[in-house]
Amino acid sequence: MILRGVVRNLRLGVKDILLHKTRSLLTTLGVVFGVGSVIAMLAVGEGASQDALAEIRKVGSNNIIIQAQKDIDDESSGRQRTRMSIYGLKYEDEARIREMGSAIRRTVPVRLMRRDARVGDRKLELRVVGTVQGWFDLVPRRIVAGRVLRTSDTEQNARVCVLTETGARRLLAGAHILGEKILISRQYFEVVGIVESGTGGRNIAVPDEEVDAYIPMSTQLQLFGEVNARITSGSFEIEKVELHQILVEIDGDELVEPMAKAIEAMLRAFHTRKDYKMNVPLALLRQAEKTKRTFNIVLGSIAGISLLVGGIGIMNIMLASVTERTREIGVRRAIGARRGQIILQFLIETMVLAGSGGLVGVGVGMLIPALITRFSGMPTVVPLYSLFLSFGISVAIGLVFGIYPAVRAARLDPIVALRHE
Amino acid sequence: MTGAGQPGFAGAVIRLEDMAKTYRIGEVDVHALRRVSLTIERGGFWAILGPSGSGKSTLMNLIGCLDRPTSGRYWLDGANVEDLEDDELSAYRLRHLGFVFQSFNLIPQLTVRENIELPMYYRGTPPAESVKRAEHLAELVGLSDRLAHRPVELSGGQCQRVAIARALANDPPVILADEPTGNLDSRTGEQIMEMLCGLHREGRTLILVTHESRVAGYAEKRLWLKDGAVERIEGGAA
């Protein structure tokens, strides 16, 4: 009986909307934009989170990356043509970090250098990373061919190298280069593997961005020492850096940020200059949360205000409809409709009206995130649940703002209502 | 047709005892109806007449369970109804009374079929049964071919016939008609009156409010009201 009443009133409600298309559309505009804003809000938040997660996954979510950087004072002070800069992370730094407690699962040292390399006739400057086998455990890289570095490579100071896809491309080499030897600064290295290149996201630099090859660090130290010399646009630069990067793997998500703080405090104590930079990928999530919150406040306010205004608009039009249809209500009551049945009729009509606005709003809501992405480049993902949620909200708006008009309709005195012109 | 509308139930279908209705307008009490006592036998055909302001509408609203008396008692179809709750009064209107109005009062956005079905919908009649009965009633009033039309597409006489079909939907024992020919030309009015007389002949109680003596002429009994009291009753004692 109740179900039948609902279905019948649903049909009448839809009929009424189709009868007053323009009026209905204008009335529900608030709900349309309110619902659209709700979806847009959730889409931006979801997009920011997924984007951050994707970027973090590139560098490992439990990692902290400490990078050596030339101190700004140092850079500007010397204008001399030849200078020697000593900066960066020390072997002791790595040792101290390793001893900071059980939360540190492992550390991986990284030394960078640029050396001339030669394959056959082709000669170019190769960007080389000296590191240990643990690097490939911390930063996941797909192996394209061959293998990555092994512990035994480090122990034996093996003259082997692993190329990145970029490196292989720059050397104009395919997979056939496996097992061949390339010349790096007059030393032969056997190519044992090719891995995919790391590409950074918009917010995070991967530790091996723009790297062509990896070699064991022990080999690197033995053959090339700690001093890098570079000639750039006429000036001769020499720098002495022990470690360019230290990758730290932390045991557990929740420990990443406190440990990053502790490491930074330790480094500050031992370094007189700020010649390092902390990079905590997980902090990106915090960043994403912040973006999300900002958008939630802005779009949430728009949604809230639109829905409120929309609800009041709908209530207004329903009150007008009750007045317009006073006589109909009187007839229905005279025939024998109970007050509850009149309430049900008007409530459902209001919900259908608001819900139809909600449906249009769902369309708008799918459009807004697409436009945001198009014009601001901000990633957005419309979660499926948000469509149902926001449609539900629109129907709920109809329910809430329909109560007053429906009760007004039901309270009409049938005698007075019947006499209404 | 079965149910309470069938003839053969002797006795009073409507009994009023000292029924009064007083409105308070500002500081003044307006006595719309003063202690009216009345018995309408089952299957009777009454016309209520009187000048405007004589209490015709008030009496009709009270008989029609649309209003409650200030004092007095009212039995409808054997049950005491003067102090029922709003929902219970609705139920009495739904089952025991059929209304026919001067201005037809069909619901404009509904089709003829839906208008006729409306009382059955409020009663909870199963759809299949309701559809069958609506078609039967439309045939009875000669509008079988207009079921899918809307009231605006019908003439006044056709509208009133739809209204009569609607009044009969739940097979009520009592039909209340308030100036049923007031908005119709005289020829159409006669047709409607013939139709209402037919309802009386099949055993329903018919109560008619009118100011036209020609229309009142169809009735068996005529009740004249004046200043909220019964002035006289023509056509034999009740």
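From first to last, the protein sequence lines are chains Y and W. Residue numbers for the first sequence follow the working numbering, beginning at 1493 and rising by one. Residue numbers for the second sequence follow the working numbering, beginning at 90 and rising by one. The beta carbon of each residue, even a glycine, is placed where N, CA and C say it ideally should be.
(request) Run through the segment 106–161 of chain W for me and flag every whole beta strand (DSSP E) of 3 or more residues, listed as ranges in chain order. (result) 117–130, 134–138
(request) Name, in chain order, the residues that DSSP records as bridge partners for Y:S1577. (result) Y:E1731
(message) Can you check which of these residues, W:E279, W:F190, W:G246, W:Q249, is closest to Y:A1826 by C-alpha distance?
(response) W:F190
(message) Pull the bridge partners of Y:R1614 from the DSSP assignment, please.
(response) Y:V1611
(message) Let me confirm a value: Y:Q1648 is counted as buried when at least 16 other C-beta atoms fall within 10 Å, else exposed. Which label applies?
(response) exposed
(request) Run the proximity test for Y:R1503: is its beta-carbon closer than 7 angstroms to any non-hydrogen atom belonging to the ligand MG? (result) Among the ligands in the structure shown, none appear at all, so the ligand MG cannot be discussed.
(request) Look up Y:G1638 in the DSSP assignment and give the residues it is bridged to. (result) Y:G1685
(message) Among the candidates Y:P1632, Y:T1842, Y:R1500, Y:R1549, whose CA atom is the shortest distance from the CA of Y:S1516?
(response) Y:T1842
(message) Please list, in chain order, the residues of the segment 151–175 of chain W that have any C-beta partner in chain Y closer than 8 angstroms.
(response) G153, L155, D156, D175
(request) May I have a chain-ordered list of the beta strand (DSSP E) segments no shorter than 3 residues that lie completely inside the segment 1765–1825 of chain Y? (result) 1768–1771
(message) Taking the beta carbon of W:N204 as the centre, do at least 16 other beta carbons fall within 10 Å, making it buried, or is it exposed?
(response) buried
(request) Work out the CA separation of Y:G1805 and Y:H1512 for me, nearest whole Å. (result) 15 angstroms
(message) Can you check which of these residues, Y:T1599, Y:G1622, Y:R1588, is closest to Y:A1629 by C-alpha distance?
(response) Rather than Ala, the amino acid found at residue 1629 of chain Y in this sequence is Asp. Nearest option by C-alpha distance: Y:T1599.
(request) Look up W:Y307 in the DSSP assignment and say whether it is helix, strand or coil. (result) coil
(request) Take the Cβ of W:P96 as the centre, count every other Cβ of all protein chains shown within 10 Å, and call the residue buried at 16 or more, exposed below. (result) In this prediction, W:P96 has a pLDDT of 41, which is less than 50 and means its spatial position is unreliable; what the coordinates show is noted afterwards. W:P96 is exposed by the Cβ-count criterion.
(message) Given a cut-off of 8 angstroms on the beta-carbon distance, is the pair Y:V1536 and Y:I1864 in contact?
(response) yes
(request) Name, please, each residue of chain Y whose Cβ falls closer than 8 angstroms to the Cβ of W:Q198. (result) L1504, K1507, D1508, L1511
(message) Please state the DSSP three-state secondary structure of Y:M1709.
(response) helix
(request) Counting only the same chain and skipping the five closest in sequence on each side, list residues whose C-beta sits under 8 angstroms from that of Y:V1698. (result) K1550, V1551, V1631, G1690, T1691, G1692
(request) Check whether the Cβ atoms of Y:A1544 and Y:L1776 sit closer than 8 angstroms, and answer yes or no. (result) yes
(message) So with CB distances below 7 angstroms, who are the chain B contacts of Y:A1829?
(response) Although the question refers to chain B, the structure presented lacks it and instead comprises the protein chains Y and W.
(request) Kindly indicate the opening and closing residues of the beta strand (DSSP E) around W:F190. (result) Counting along the chain, W:F190 falls outside any beta strand (DSSP E), and DSSP gives it neither H nor E.
(message) Using the Cβ count rule (16 or more neighbours within 10 Å means buried), how would you classify W:R317?
(response) In the sequence as presented, Arg is not what sits at residue 317 of chain W; that position holds Gly. Classification for W:G317: buried.
(message) Here's the rule I'm using: 16 or more other beta-carbon atoms within 10 Å means buried, otherwise exposed. How should Y:E1741 be labelled?
(response) buried
(request) Using a cut-off of 7 angstroms between C-beta atoms, extract the partners of Y:Q1779 located in chain W. (result) Correct list: empty, because the minimum Cβ distance to chain W is about 56 angstroms.
(message) Counting only beta-carbon separations shorter than 8 angstroms, does W:N194 have a partner in chain Y?
(response) yes
(message) I'd like the ranges of any beta strand (DSSP E) spanning at least 3 consecutive residues and lying wholly in the segment 233–312 of chain W.
(response) 263–267, 294–298
(message) Tell me the DSSP secondary structure of Y:L1881 in three-state form.
(response) helix
(message) I want to know whether the segment 1668–1686 of chain Y touches the segment 1729–1746 of chain Y - three or more CB-CB distances under 8 angstroms.
(response) no
(request) Determine the direct distance from the alpha carbon of Y:A1909 to that of Y:P1897, and round the result to whole angstroms. (result) 15 angstroms
(request) Please look up how many angstroms separate the CB atoms of W:C154 and W:L127, rounded, as I've assumed it's under 8 angstroms. (result) So it is not a contact: roughly 15 angstroms between Cβ atoms.
(message) Is there a C-beta anywhere in chain W that falls below 8 angstroms from the one on Y:Q1837?
(response) no
(message) I want to know whether the segment 1815–1829 of chain Y touches the segment 1849–1856 of chain Y - three or more CB-CB distances under 8 angstroms.
(response) no
(message) Spatial neighbours of Y:W1627 within its chain, please: C-beta separation below 6 angstroms, excluding the five flanking residues on both sides.
(response) V1600
(message) Less than 6 angstroms between C-beta atoms, sequence neighbours within five positions excluded: which residues of the same chain meet that for Y:A1795?
(response) G1526, S1529, V1530
(request) Could you have a look at Y:P1861 and say whether DSSP puts it in helix, strand or coil? (result) helix
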